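S.K.:
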């Protein structure tokens, strides 16, 4: 398997898209409001959304909980 950049993973793309939808609202939120809601610093959240860095597993889990996201296997994905 070819190593992927963090931001190429489908789950990271899905979380980033959910964060962007949450920011756009309704109600529309500033990046600062979103940071306070998630408990993540401005720099860390901005770098994550910009694709410059990842966030800790703890922060990623917190984002998923707050946005009510779940990890589920893809339908029809049967690995041998």
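In the UniProt record's numbering, the protein residues as written are 1 to 80.
Backbone N, C-alpha and C fix where the C-beta goes; we use that ideal spot for every residue, glycine too.
Since we're looking at a predicted model, the values are computed, not measured.
Would DSSP call residue 22 helix, strand or coil?
M.R.: Along the chain shown, read from residue 1 onward, the residue named residue 22 stands at position 22. Helix at residue 22.
S.K.: Can you tell which of 40, 47 and 27 has the C-alpha that lies nearest to the C-alpha of residue 6?
M.R.: What you label residue 6 is simply residue 6 of the chain shown in a count that begins at 1. Answer by Cα proximity: 47.
S.K.: Quick check on residue 55: does DSSP put it in helix, strand or coil?
M.R.: As a working note, residue 55 is residue 55 in the chain shown. Coil, per DSSP.
S.K.: Given residue 18, which residues of its chain have a CB within under 7 Å of its CB, disregarding the five upstream and five downstream residues?
M.R.: Taking the first residue of the chain shown as position 1, residue 18 is located at position 18. Excluding sequence neighbours, residue 18 sits near 67 and 69.
S.K.: Near residue 15, what residues of its chain come up, given a Cβ to Cβ distance below 8 Å and the 5 sequence neighbours on each side ignored?
M.R.: Residue numbering aside, residue 15 sits at position 15 when the chain shown is read from its first letter. Counting only Cβ-Cβ distances below 8 Å, and skipping sequence neighbours, we find 60, 63, 64, 67 and 69.
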